[in-house]
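Shown next, in structure tokens, is the structure this report addresses.
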Amino acid sequence: AKILAIFCVVSVVIFEIMLIKLNILPAKYMLIALLVFTPLGVLTFLGLFFNKIKTKPKIAAAAVGVILIIVSFTGILYITGTMNFLDKISSLGETFSYEEFYVIAKADSKAEQIEDLDDTEIGILSIANENYSKARNELKDVIECEYKSVDTLDKLGSELLEGTKESIFLSETNYSVLDEGTEGYKEDTKIIYTIKIKTVQEDSARRVNVTEEPFNIYVSGIDTYGKIGNVSRSDVNMIVTVNPKTNQILLTSIPRDCVVTLPSFGEKDKLTHAGVYGTNESIGAIENLLDIKINYYLKVNFSSVENLVDAINGIEVDSDYTFTAGPGGYRFVKGMNSLTGKQALSFSRERHSFTSGDFQRVKNQQKVIEAIITKITSSSTLLLNYNSILNSVKDSMDTNFSPAEIKSLVKMQVDDMPSWAFDKNSIDQGSDASLTGYSYPYQELYMLIPDNDAVVEAADKINAVMSEE
């Protein structure tokens with residue numbers, strides 16, 4: 036009985052200390068928890084520790100003690116999971132991203148390992164890219180080879196398939212672009228060797244009191260599965276403007292092919308390509324385009340969407356059209372649709388089914404994000420699926436919100452349970468063009484020159500939400 040008493044008190048004390056340290060519950064709920072657990076812990080200890088207490092009260096104290104131990108340890112597990120989650124997704128100070136580069140050969144090539152390409156000529160792309168240069172230098176430390184430059188990505192990819200080049204060296208992003216442009220390209224080729232280059236990124240956050248002041252979040256959706264650390268093209272580019280005083284959220288989408296100026300290089304390129312040079316490059320490009328300040332970023336990928344939607348047991352979205360999309364051949368009807376994670380991803384990625392193409396895709400992406408936010412901010416979903424939500428995105432999400440800022444937002448939501456008013460906008464007007472850009476200086480690609488009036492309107496709507504009190 037005395038051992039149980041000591042064990043009970045220790046578990047309750049540890050739980051209360053961790054609960055206070057986590058600082059995620061509003062004061063009134065924290066007070067209730069302390070007023071319940073502390074007296075019960077003390078009474079249980081007294082009932083079990085002293086021999087003069089009669090048998091029946093001692094049995095009752097033992098039962099309460101066991102319950103307190105179970106509840107306390109369950110709470111400790113939840114709190115530990117929350118702390119680990121916040122530390123894992125939050126990037127503070129100097130952070131790192133990684134870009135992968137591949138040595139590629141034809142699928143039927145006799146070369147199976149990098150040593151098989153010693154003393155050969157390897158095709159490379161004629162671009163001025165710091166990471167690409169570092170990767171080429173690293174490859175030279177592994178094998179003796181000569182590099183042969185090719186002006187365009189299409190030509191480089193074709194020369195490999197035609198047998199003009201025995202192997203080529205390019206980034207993971209470029210490899211994916213070739214696969215999109217040439218059906219079955221990845222099936223017809225194989226990766227012989229991989230080099231990973233680490234890049235340092237400084238914290239770009241413009242911090243505010245997130246429960247009192249409005250702020251802008253750049254949401255970047257990169258076209259990869261798995262862990263979030265690798266840089267890649269940013270196919271989803273959205274500004275989420277949050278005003279905690281008026282409970283307004285504005286979603287502003289920018290098409291991936293929109294022409295922007297890359298701030299680090301002073302050159303024009305597609306917005307999607309900015310993501311290859313890091314999240315800060317995308318943020319700077321959008322700030323220049325809209326003449327706004329972005330406070331924080333949230334980076335997600337395919338895994339984030341699938342796992343999160345499944346963790347909250349699906350979402351409901353209102354489709355503007357009936358269409359079929361995705362490798363699963365998912366069918367969506369005009370009107371309300373109940374979506375799983377894979378269906379939500381297919382719904383938000385499809386563009387070929389619509390005459391307006393990417394413009395409709397960004398609208399569908401906004402619908403998915405609104406549905407996720409609406410469901411998570413409901414009390415029942417957050418409480419019943421708490422652990423599942425954290426586990427679903429801990430490896431596939433990155434943000435420069437600090438843990439303290441995230442906890443402040445959660446505390447505000449739990450305390451006030453505000454109903455958020457959503458508004459959506461997108462830059463959906465512009466001129467189609469075939470242009471060269473910084474990433475592909477010798478190859479014309481489809482780009483969208485945004486209509487100036489649409490850009491000004493988008494900026495005005497953001498500033499209007501930011502200025503309301």
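Under the numbering used here, the first residue of the sequence shown carries the number 36, and numbering increases by one thereafter.
The beta-carbon is built from N, C-alpha and C at its ideal position, and this holds for glycine as well.
Here the structure is a predicted model, which is why all the values come from computation and not from measurement.
{"query": "Work out the CA separation of Ile102 and Ile55 for me, nearest whole Å.", "result": "21 Å"}
{"query": "Starting from the Cα of Gly370, find the closest Cα among His387, Arg384, Lys190, Asn399 and give me that residue.", "result": "Asn399"}
{"query": "What span of residues does the alpha helix (DSSP H) with Asp433 cover, start to end?", "result": "From DSSP, Asp433 is part of no alpha helix (DSSP H) but of the beta strand (DSSP E) over 432-434."}
{"query": "Please classify Tyr332: does DSSP put it in a helix, a strand, or coil?", "result": "strand"}
{"query": "What residue ranges within the segment 270-311 form continuous beta strand (DSSP E) runs of no fewer than 3 residues, ordered along the chain?", "result": "283-288, 294-297, 302-305"}
{"query": "Per DSSP, which one or two residues make a beta bridge with Ser255?", "result": "Asn272, Lys334"}
{"query": "Kindly list the residues whose CB is nearer than 7 Å to the CB of Ile111, restricted to its own chain and excluding five residues on each side of it in sequence; keep chain order.", "result": "Ile49, Phe50, Met53"}
{"query": "Find the nearest neighbour of Ser46 within the set Thr109, Ile67, Lys89, judged by alpha-carbon distance.", "result": "Thr109"}
{"query": "What's the gap between the Cα of Arg171 and the Cα of Lys233?", "result": "14 Å"}
{"query": "Within 10 angstroms of the Cβ of Pro249, are there 16 or more other Cβ atoms? Answer buried if so, exposed if not.", "result": "buried"}
{"query": "Taking 8 Å as the threshold (C-beta atoms), are Ser206 and Ile269 in contact?", "result": "What sits at residue 269 in the sequence shown is Ser, not Ile. No. Outside cutoff."}
{"query": "Mark Met452 as exposed unless 16 or more other C-beta atoms lie within 10 angstroms of its C-beta, in which case mark it buried.", "result": "exposed"}
{"query": "Using the C-alpha atoms, what's the distance from Ile41 back to Met501?", "result": "53 Å"}
{"query": "Can the beta-carbon of Glu134 be found closer than 8 Å to that of Asn166?", "result": "yes"}
{"query": "Grab the span of the alpha helix (DSSP H) containing Val106 for me, first residue to last.", "result": "90-124"}
{"query": "Which two residues bound the contiguous alpha helix (DSSP H) that contains Thr314?", "result": "314-325"}
{"query": "With the cut-off set at 8 Å, would you say Thr359 and Arg366 are in Cβ contact?", "result": "yes"}
{"query": "Which first and last residues belong to the alpha helix (DSSP H) in which Ile404 is found?", "result": "393-411"}
{"query": "Please work out which residues of its chain come closer than 8 Å, Cβ to Cβ, to Thr117, disregarding the five sequence neighbours upstream and downstream, and give them in chain order.", "result": "Leu57, Ile59, Leu425"}
{"query": "How far does the alpha helix (DSSP H) with Ser454 in it extend, from its first residue to its last?", "result": "That residue, Ser454, is in no alpha helix (DSSP H); it is neither H nor E in DSSP."}
{"query": "With Val45 as the anchor, note down where its alpha helix (DSSP H) starts and where it stops.", "result": "37-57"}
{"query": "For the candidate residues Phe457, Leu306, Phe204, whose alpha-carbon lies nearest to that of Ala406?", "result": "Phe457"}
{"query": "With hydrogens ignored, establish whether the beta-carbon of Asp143 is closer than 7 Å to any heavy atom of the ligand GDP.", "result": "Inclusion of the ligand GDP in the displayed structure is not the case, the ligand content being empty and no account of it being possible."}
{"query": "Under a Cβ-count criterion, where at least 16 other Cβ atoms within 10 Å of its own Cβ denotes burial, should His387 be classed as buried or exposed?", "result": "exposed"}
{"query": "For a minimum of 3 consecutive residues, which ranges assigned as the beta strand (DSSP E) are wholly contained in the segment 141-180?", "result": "155-160"}
{"query": "Indicate whether the contact test is met: 3 or more Cβ pairs, each with one atom in the segment 137-155 and one in the segment 460-478, closer than 8 Å.", "result": "no"}
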